[in-house]
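Using this note's numbering, the letters of the sequence shown correspond one by one to residues -8 to 270. See below for the structure under consideration.
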Amino acid sequence: MTAVGPGTNAGWVVVGETRTRYLEAGSGRPIVLLHGSGPGVSGLVNWRLALPALGERFRVLAPDLVGFGETEVRGQVEARLDTWVGHVAGFIEALALGRVDLVGNSMGGAVALGLAARRPQLVRRVVTMGTVGVPFPITEGLDRVWGYRPSLEAMRALIGLFTYDPSFARDEELVRLRFEASAHPVASERYASLFPAPRQRWVDALALADGELAELRQPVLLIHGLEDRVIPWRATSLRIARLVPDARLCLFPRCGHWVQIERADEFHGLVRWFCSEAR
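In structure tokens, the structure reads:
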């Protein structure tokens, strides 16, 4: 493995036939962090703050899901829930992690819920932030995210959309980091092919059936920003909380889609608390 930051290393594992890049920090009970589907996302970009913070208490792993980051892709990636559920299940098994806690952001939340429903023996607990995973009418914000074409100004506008605090869109380092990750020719072409218009079908392709959610037996913590303009909390997290038998819903005022960045310290505290419970 290669060091990429204080206490954080990068490595590779073969999942099926897919050479998968992942980051790892800390030791102890395993937590797998699942990124979302925005342009330029990866385990590093999504979880650069969470890896060292959670790694103080847990063994934390953040894979680049197939179709994103540096994970190798063979052919076209089919943008549906089973694609990423299968990839994450294979990742957990390839590293012999046993039963893990999952923390999923946006699309990653749906993948976490899907894995808990379809491979329950692999999942102990689930945390989601700004999750999809149920059908809802696509928002203008999500359509803009999936329709992104690389430019600095387009990325700045997206960061403004993702966050409540306007200072994030003025953070030149953050804008540059996300833009450069999205503008690599291979990554750009691959992203454009993942979610072509019309995009309502991709919301539906990431949805679980109500019955699947109602049968979940794992504890689930749903976190959402009240000012999320990409994924509406009432249509997603609130609905899921009403369906899942052992669910808790935590809403952050004055916060957008990026709870893990806008409210990082509080988010890390919630995950530490929830994932420290014995069951």
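For glycine and all other residues, C-beta sits at the position ideal for the given N, C-alpha and C.
Residue pairing by DSSP places V4 opposite T11 in a beta bridge. As the crow flies, the alpha-carbon of L113 is around 25 Å from that of V36. Rounded to the nearest angstrom, the Cβ distance from T9 to E63 is 6 Å, consistent with a contact under 8 Å. Within the segment 86 to 140, the beta strand (DSSP E) runs of at least 3 residues that lie entirely inside it are, in chain order, 91 to 96, 114 to 120.
DSSP places I22 inside the beta strand (DSSP E), whose first and last residues are 21 to 25. Taking a C-beta distance under 7 Å as the contact criterion, A16 and P54 do not qualify as a contact pair. Here A103 is buried: its Cβ has 16 or more other Cβ atoms, across all protein chains shown, within 10 Å. For the set V117, V79, L207, the Cα lying nearest the Cα of V94 is the one of V117.
The beta carbon of C246 is closer than 7 Å to those of Y155, G216, L217, E218, E253, R254 in its chain, skipping five residues each way along the sequence.
The C-beta distance from V123 to L143 rounds to 27 Å, too long to meet the 8 Å contact threshold. With the rule of 3 Cβ pairs closer than 8 Å, the segment 189 to 199 does not count as touching the segment 166 to 178.
The bridge partners DSSP lists for V211 are V117, A238.
Under the 8 Å Cβ criterion, the segment 228 to 236 counts as touching the segment 193 to 212, having at least three qualifying pairs. Counting only residues of its own chain and dropping the five nearest sequence neighbours on each side, R239 has a CB closer than 6 Å to the CB of L212. Between A1 and T(-7), the C-beta spacing is below 7 Å.
Taken through DSSP and simplified to helix, strand or coil, F186 comes out as coil. Taken atom to atom, the span from the alpha-carbon of R225 to that of L149 is near 22 Å.
The three-state secondary structure of P54, taken from DSSP, is strand. Assigned with DSSP and collapsed to three states, G(-4) falls in strand.
For Y182, the CB contacts under 6 Å within the same chain, skipping 5 residues up- and downstream, are P30 in chain order. Under the DSSP assignment, D256 falls in the alpha helix (DSSP H) whose first and last residues are 255 to 267. Shown here, A16 sits in a strand according to DSSP, grouped into three states. Taking C-beta separations shorter than 8 Å and ignoring five residues to either side along the sequence, the partners of L133 in its chain run R190, V194, V221, I222, following chain order.
Under the three-state reduction of DSSP output, F49 falls in the coil class, being neither helix nor strand.
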